[in-house]
């Protein structure tokens with residue numbers, strides 16, 4: 273008997289051979305009776321289809337004048353678009369154009385990408401990583417991809433926090449962790465619509481590894497939850513402790529979505545002109561819903577939108593992304609995972625609200641400060657305490673540790689809501705150290721002389737100045 277198999281396309285008559293494939297696999301790869309037949313058959317069928325139709329990645333640096341073109345072809349599956357976009361954004365690549373097509377059983381995406389300087393990707397290490405991560409040998413194992421606060425080893429304890437935002441919250445949280453002998457090695461903090469969420473990775477001060485004592489972990493959860501609750505009894509606060517690796521930014525989106533931060537309270541602080549424009553209409557001829565998004569462009573915008581659509585159980589069948597100027601335009605043809613388009617005006621409004629929230633969460637309100645110094649226990653607590661004592665509140669933060677060095681980014685604003693007074697920033701920099709704390713985009717930065725204040729030494733060398741970090745290499749990924 274001869275069986276001819278054409279290139280995989282489930283919309284073709286060969287789809288009816290699904291049961292034959294599964295039966296053939298059952299004969300070739302017997303499964304123990306104690307296992308679930310359907311689950312293991314589905315797994316083996318997926319592996320079989322993948323072996324027949326391995327992903328194909330083409331990287332082209334010639335056809336486009338100002339960008340590297342990456343084309344990904346693969347058998348389609350739920351969530352594959354997010355996995356591909358996540359890999360590219362975790363490499364801090366800028367996606368200037370994208371064409372998305374996953375109608376039927378095949379997935380094809382084309383991305384125009386650059387580095388943060390607007391140049392093509394020529395680093396062989398990055399190109400090889402893309403090829404291996406998206407190509408035939410990959411399984412799109414996104415949980416292991418590089419991101420702020422993501423590692424593949426288990427030498428830390430992960431803490432997820434969600435609660436009401438207020439001035440000084442990060443200072444209070446980090447002070448509690450320092451008191452409990454926990455060192456914050458990586459963290460990312462977002463605030464949006466009166467809510468604050470954080471994913472932190474901490475280690476034991478004594479062992480330098482994960483915290484294993486159940487009683488100590490219970491105390492960490494209890495004390496942090498009390499800080500997050502504050503005086504707000506109407507909104508829930510939550511603390512989750514685990515030892516598993518997680519994709520920080522994906523979790524922050526999921527946490528804030530579950531917390532319903534998209535439900536607006538008041539008018540919000542964003543200027544109406546700066547607000548994203550999101551519209552959803554039904555394309556009845558094709559049974560799709562079409563999502564149109566127009567907003568100011570920024571890094572990781574595509575990831576934030578695709579992440580939210582995926583978590584809301586929508587599938588993107590077609591998409592077009594244009595982001596070569598200051599404004600980004602995105603269009604998606606979507607259906608719910610059950611195959612239906614948007615069914616009601618209430619659902620339409622919810623999609624609009626959730627996408628607006630996804631875009632706004634990463635919008636950085638306030639002045640950007642970059643801190644670069646030797647890491648130590650209590651560093652985050654000391655820095656944020658100085659911010660709080662000078663009436664500054666942190667709207668977003670990225671805390672990373674690389675080879676014993678802390679490279680932290682803070683977005684701060686006045687607790688009262690007024691623009692940050694440059695004199696306050698000057699005072700804080702003199703306290704912490706001019707070479708340690710830098711201001712990005714500050715109009716007077718170039719005029720500031722690198723002088724150290726005598727008050728800096730009152731901290732007993734806590735912020736010892738070391739010129740190990742070239743601040744020109746510290747990039748903003750917001």
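Numbering (the numbering used here), first residue to last: 273 to 750.
C-beta atoms are modelled at their ideal positions from N, C-alpha and C, and glycine is treated no differently.
These numbers were taken from a predicted model, which means no experiment stands behind them.
Could you give the first and the last residue of the continuous beta strand (DSSP E) run that contains residue 370? Here the beta strand (DSSP E) through residue 370 covers 366-373.
My assumption, with CB atoms under 8 Å, is that residue 470 sits in contact with residue 457. Please give the rounded CB distance. The pair is not a contact, with the Cβ atoms about 14 Å apart (cut-off 8 Å).
Mind reading off the beta-carbon distance from residue 641 to residue 711? Whole number of angstroms is fine, and I expect it under 8 Å. Between residue 641 and residue 711, the beta carbon gap of about 6 Å places them in contact (Cβ cut-off 8 Å).
Start and end of the alpha helix (DSSP H) containing residue 401? It spans 396-406 - the alpha helix (DSSP H) in which residue 401 sits, taken as one unbroken run.
For residue 657, three-class secondary structure by DSSP: Reduced to three states, the DSSP call for residue 657 is helix.
Excluding the 5 residues flanking residue 566 on each side, which residues of the same chain have their C-beta closer than 6 Å to its C-beta? Excluding sequence neighbours, residue 566 sits near 549, 601.
Strand pairing of residue 336, partner residues [DSSP]: For residue 336, which the question treats as bridged, DSSP gives no partner whatsoever.
Tell me which residue opens and which closes the beta strand (DSSP E) that residue 706 is part of. Here residue 706 belongs to no beta strand (DSSP E), and DSSP marks it neither H nor E.
Identify the continuous beta strand (DSSP E) that holds residue 554 and give its terminal residues. Secondary structure note for residue 554: its beta strand (DSSP E) is the uninterrupted segment 549-555.
Going by Cα to Cα distance, which pick from 526, 344, 661 is closest to residue 405? For the residues 526, 344, 661, the minimum Cα distance to residue 405 belongs to 344.
Of the listed residues 632, 627, 585, 561, nearest to residue 613 (C-alpha basis): Minimum Cα distance to residue 613 is reached at 561.
Should residue 583 and residue 659 be called a contact, given that it needs their Cβ atoms to be closer than 9 Å? At the C-beta level, residue 583 and residue 659 stay beyond 9 Å of one another.
Do residue 370 and residue 387 have their C-beta atoms closer together than 9 Å? It is not a contact, given that the beta carbons lie outside the stated cut-off.
Considering residue 386, what are the terminal residues of the beta strand (DSSP E) in which it resides? 378-386 is the extent of the beta strand (DSSP E) around residue 386.
Which class does residue 443 belong to by DSSP, given the choice of helix, strand or coil? Of the three classes helix, strand and coil, the one that applies to residue 443 here is helix, per DSSP.
Taking 9 Å as the cut-off, decide whether the C-beta atoms of residue 348 and residue 379 are in contact. Judged by beta-carbon spacing, residue 379 lies within the 9 Å limit of residue 348, meaning their Cβ atoms are closer than that value.
Who are residue 344's beta bridge partners in DSSP? In the DSSP output, where bridge partners are listed per residue, residue 344 has 329, 381.
Indicate the three-state DSSP secondary structure (helix, strand or coil) for residue 354 in the structure shown. Three-state DSSP puts residue 354 in a helix.
Sorted by chain position, which residues of the same chain lie with C-beta nearer than 8 Å to residue 444's C-beta, five sequence neighbours on each side aside? Exclusion of the five residues before and after residue 444 leaves 499 as the residues of its chain whose Cβ lies within less than 8 Å of its Cβ.
Residue 731 in three-state terms, based on DSSP: Because the pLDDT at residue 731 is just 37, under 50, the model does not fix this residue reliably, and the value given afterwards should be weighed accordingly. Helix, per DSSP.
Which full runs of the beta strand (DSSP E) of 3+ residues lie inside the stretch 450-525, going along the chain? Inside the stretch 450-525, DSSP marks whole beta strand (DSSP E) runs of 3 or more residues at positions 454-464, 467-476, 510-514, from first to last along the chain.
Taking 7 Å as the limit between beta carbons, can you name the residues of its chain near residue 419, skipping five residues before and five after? Note that residue 419 scores a pLDDT of 36, beneath 50, so its modelled location is shaky; the value from the coordinates is reported in the next line. Taken in chain order, the residues that qualify are 362, 519, 520, 521.
Would you say the stretch 553-560 touches the stretch 488-498, given that touching needs at least three Cβ pairs under 8 Å? Touching, no.
Could you tell me the distance, in whole angstroms, from the CA atom of residue 382 to the CA atom of residue 591? Near 10 Å, if we compare the C-alpha coordinates of residue 591 and residue 382.
Have a look at residue 575 and residue 581 and give me their C-alpha separation to the nearest angstrom. Taking the straight line from one Cα to the other gives about 10 Å.
Among 353, 689, 546, the one whose alpha carbon lies nearest that of residue 577: Taking only the C-alpha atoms, the option nearest residue 577 is 353.
Taking residue 626 as the reference, give the member of 340, 551, 708 with the closest Cα. Here the closest residue by C-alpha is 551.
Would you mind working out which of 662, 611, 570, 631 sits nearest residue 751, comparing C-alpha positions? No statement about residue 751 is possible, as the shown extent of the chain runs from 273 to 750 and does not include it.
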